[in-house]
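First the structure, in the form of structure tokens, and then the observations on it.
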Amino acid sequence: MRAPRLARAAFAAAVVLAGGVACKATLTPGGLYDLAKGIKDAKKDLTPENEYYLGRSVGTKILSNAGYRYHDADGWRSGTLSGMTAYVNAVGNVVAFAALDAPRDGDRPAPLAGWHFVILDDDSINAFAAPGGYVFVTSGAIRNAANEDQLAAILAHEVAHVVRGHAIGSIQKSRMAGVTKQFLDSSVELDPAVEKEMAGVFGGSIDDIVDGAMVKGYSKDTEFEADKVGLEIMAKAGYDPKAYTAYLHTLDDHQDTGSGGFYATHPKASERIGKLEAQVKKHKAVHPPQVRTERFLGATAELR
Ligand SMILES: [Zn+2]
């Protein structure tokens, strides 16, 4: 599997921002230098390399916010995922492949370093995605799924956020504008003031994304788009579209008791179900083979 080997780079605390930006513009392609060149609209101008760079920084911040409690940390470091993490990554990659197989107008390009599906050790029900194919799902969200098709639904919603560029859409437009010209004017050497400002802009972009995905949440319309696209993605991958609304029904049952996390960042499950019903009916019924549910229960047994 490709993803685990690359994950080492991804989760090495990659925040060069913390220490300021290198003075000379000799950073590798995809680093701050490329990120700064002429970017006015993050959604239009960011390359896959830029997204990879931003995504791993956002991912590091998300892990740090979660107190670095995530499944199979040793496996991520050594590039040999196992157990539940390997399983969730296998399902996630099937879903992600289906997403990239039939790109829609406005979809982001394929993530430069593949997809990473990280399980956070957290009882609450939650999932979020960073740019560049970094998806985070809590053990609570997986525990509440009844079968592989429902897990695929959770992951498809997050993959949809990534391919539709929702995370980079949360970068405040004003951030990029001022710094770009100064950066280009400064040829090779950056004076310390510009350097400091750049660090602020990029650090701020990362904060914007984390804020959008984890704290404030996206707009209702953005969530409805992720549902619509997510449902199509999972159906294309061969999963049962009804599992998407079935999982939302489970969330709806918990809505009264759940607070924060997912419930703070997503519209009411009942509202989401209402928006999806007609779309589900357009798809042929899928009867998941028993083996699929068995492997789900086997791979996630540690959560029960
Ligand atoms: Zn969402």
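Counting from -3, one number per residue, gives the positions in the sequence shown under this note's numbering. Here a beta-carbon is modelled for each residue, glycine too, at the ideal position from N, C-alpha and C.
- Assignment of His157 by DSSP, reduced to helix, strand and coil, places it in the helix class.
- In this structure the region 264 to 274 does not lie against the region 114 to 134, because fewer than three pairs of beta carbons, one per stretch, are closer than 8 Å.
- DSSP places Ile269 inside the alpha helix (DSSP H), whose first and last residues are 265 to 278.
- When C-alpha distances from Gly136 are compared across Ala123, Asn143, Gly161, the shortest belongs to Ala123.
- In the assembly as shown, Glu144 is a buried residue. Its beta-carbon has 16 or more other beta-carbons within 10 Å.
- Excluding residues up to 5 positions away in sequence, Arg160, Gly161 lie with their Cβ nearer than 8 Å to the Cβ of Gly102 in the same chain.
- A residue is called buried once 16 or more other Cβ atoms fall within 10 Å of its Cβ, and Gln286, having fewer, is exposed.
- Boundaries of the beta strand (DSSP E) harbouring Leu116: 112 to 116, taken from the DSSP string.
- DSSP, read as helix, strand or coil, puts Val133 in strand.
- The C-beta distance from Ile58 to Phe132 rounds to 6 Å, short enough to meet the 8 Å contact threshold.
- Any heavy atom of ligand 1 counts here; residues with a Cβ closer than 6 Å to one of them, in chain order, are His153, His157, Glu219, Ala222, His262.
- Judged by beta-carbon spacing, Leu77 lies within the 8 Å limit of Asn85, meaning their Cβ atoms are closer than that value.
- Between His157 and the set Ala95, Arg291, Ala142, the nearest pair of CA atoms involves Ala95.
- Taken in chain order, the whole beta strand (DSSP E) runs of length 3 or more contained in the region 65 to 95 number zero.
- Per DSSP, Phe198 has no beta bridge partner at all.
- Beta-bridge partners of Phe124 (DSSP): Phe132.
- The continuous alpha helix (DSSP H) containing Val225 extends over residues 216 to 232.
- With contacts defined as CB atoms closer than 8 Å, Leu299 and Ile150 fail to qualify as a contacting pair.
- Taking C-beta atoms as the reference points, Ile202 and Leu108 fail to come closer than 8 Å.
- Here Asn46 is buried, its C-beta having at least 16 other C-beta atoms within 10 Å.
- Taking all protein chains in view, the Cβ of His245 is surrounded by fewer than 16 other Cβ atoms within 10 Å, so the residue is classified as exposed.
- By the beta-carbon neighbour count (other beta carbons within 10 angstroms, threshold 16), Pro237 is buried.
- Between the alpha carbons of Ser120 and Ala62 lies a gap of roughly 12 Å.
- Closest option to Lys39, judged by alpha-carbon separation, among Gly165, Gln146, Phe93: Gly165.
- Exclusion of the five residues before and after Ala92 leaves Trp111, Val155 as the residues of its chain whose Cβ lies within less than 6 Å of its Cβ.
- Within the same chain, Cβ atoms closer than 8 Å to the Cβ of Arg288 are found at Asn143, Glu144, Asp145, the five residues on either side in sequence being excluded.
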